[in-house]
Every structure is written in C-alpha cells, then in structure tokens.
C-alpha cells in the first residue's frame, strides 16, 4: 500500500544567482534625515527589455511544457472514465443487434421457401 514518492517535475526552476541582503543604511542626522529615502529598484525592473523578454520566453516555455503534460493527463483520465461508462451501454446495444440478427437468420432458415410461379 505504500506508494513511492512522486517523481519531481521534469523542469524545476533553479536559482542561478546568489542574492545577498542589502545592509540597512545608518540613520542620518540633520535635515537630510527628514527626507524619505527612495526605494531601490528591484533587479527585474532595472533589467534591459531584452533580458526581460528572454525571461518571459523561458517562463512561457516551462508553462507550456507543464500545461501540455497536465492536459494530456487530464484528457487521458476523462477518456478512460467515459469509455468505462459507455462500455455497458455498448454491450447492451451489441447484444440487441446480435439477438435480432440471429432471430432473423433463424426465421429465414426455418421458413419454407415460397413456391415460385
């Protein structure tokens, strides 16, 4: 009953850069202390448009692969469920057709041929 743990996804995002926290600035004294400090721009916002586009394309590729795999799993499961629910109905229909065919063939064999005139 124990199942092995599921395999990890084929594509796992990995951290490729070391991110270090920025040291907290020392509190300033005097008139400059009253002015609010401007927030630092995140690296993603400061990146060039080309770099941003490359990142978008990489993420979209990963999403596309994961979506494709997941859709195949879900559609496969749906087809299996529908096939299993259709099987009894198909058997009934086939049984009716076979019974009618056998009955008709039996009637044709047991009925004497009509006298030709």
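Numbering (this note's numbering), first residue to last: 1303 to 1419.
C-beta: ideal position from N, C-alpha, C; glycine also.
Can you give the Cα-Cα distance for residue i and residue j, rounded to whole angstroms?
i            : j            : result
residue 1318 : residue 1307 : 27 Å
residue 1377 : residue 1355 : 32 Å
residue 1380 : residue 1388 : 12 Å
residue 1361 : residue 1352 : 14 Å
residue 1409 : residue 1386 : 35 Å
residue 1412 : residue 1405 : 11 Å
residue 1415 : residue 1399 : 25 Å
Since residue i contacts residue j with CB under 8 Å, what's their CB separation in whole angstroms?
i            : j            : result
residue 1368 : residue 1323 : About 31 Å; that fails the 8 Å criterion.
residue 1313 : residue 1372 : Contact doesn't hold; Cβ gap of about 13 Å is too wide.
Note down, in chain order, each residue of its chain lying with its Cβ closer than 8 Å to the Cβ of residue i, except the 5 sequence neighbours on either side.
i            : result
residue 1374 : none
residue 1383 : none
Quick one: what's got a C-beta closer than 6 Å to residue i's C-beta in the same chain, skipping five residues either side?
i            : result
residue 1390 : none
Apart from the five residues on each side of it in sequence, which residues of its chain come closer than 7 Å, Cβ to Cβ, to residue i?
i            : result
residue 1403 : none
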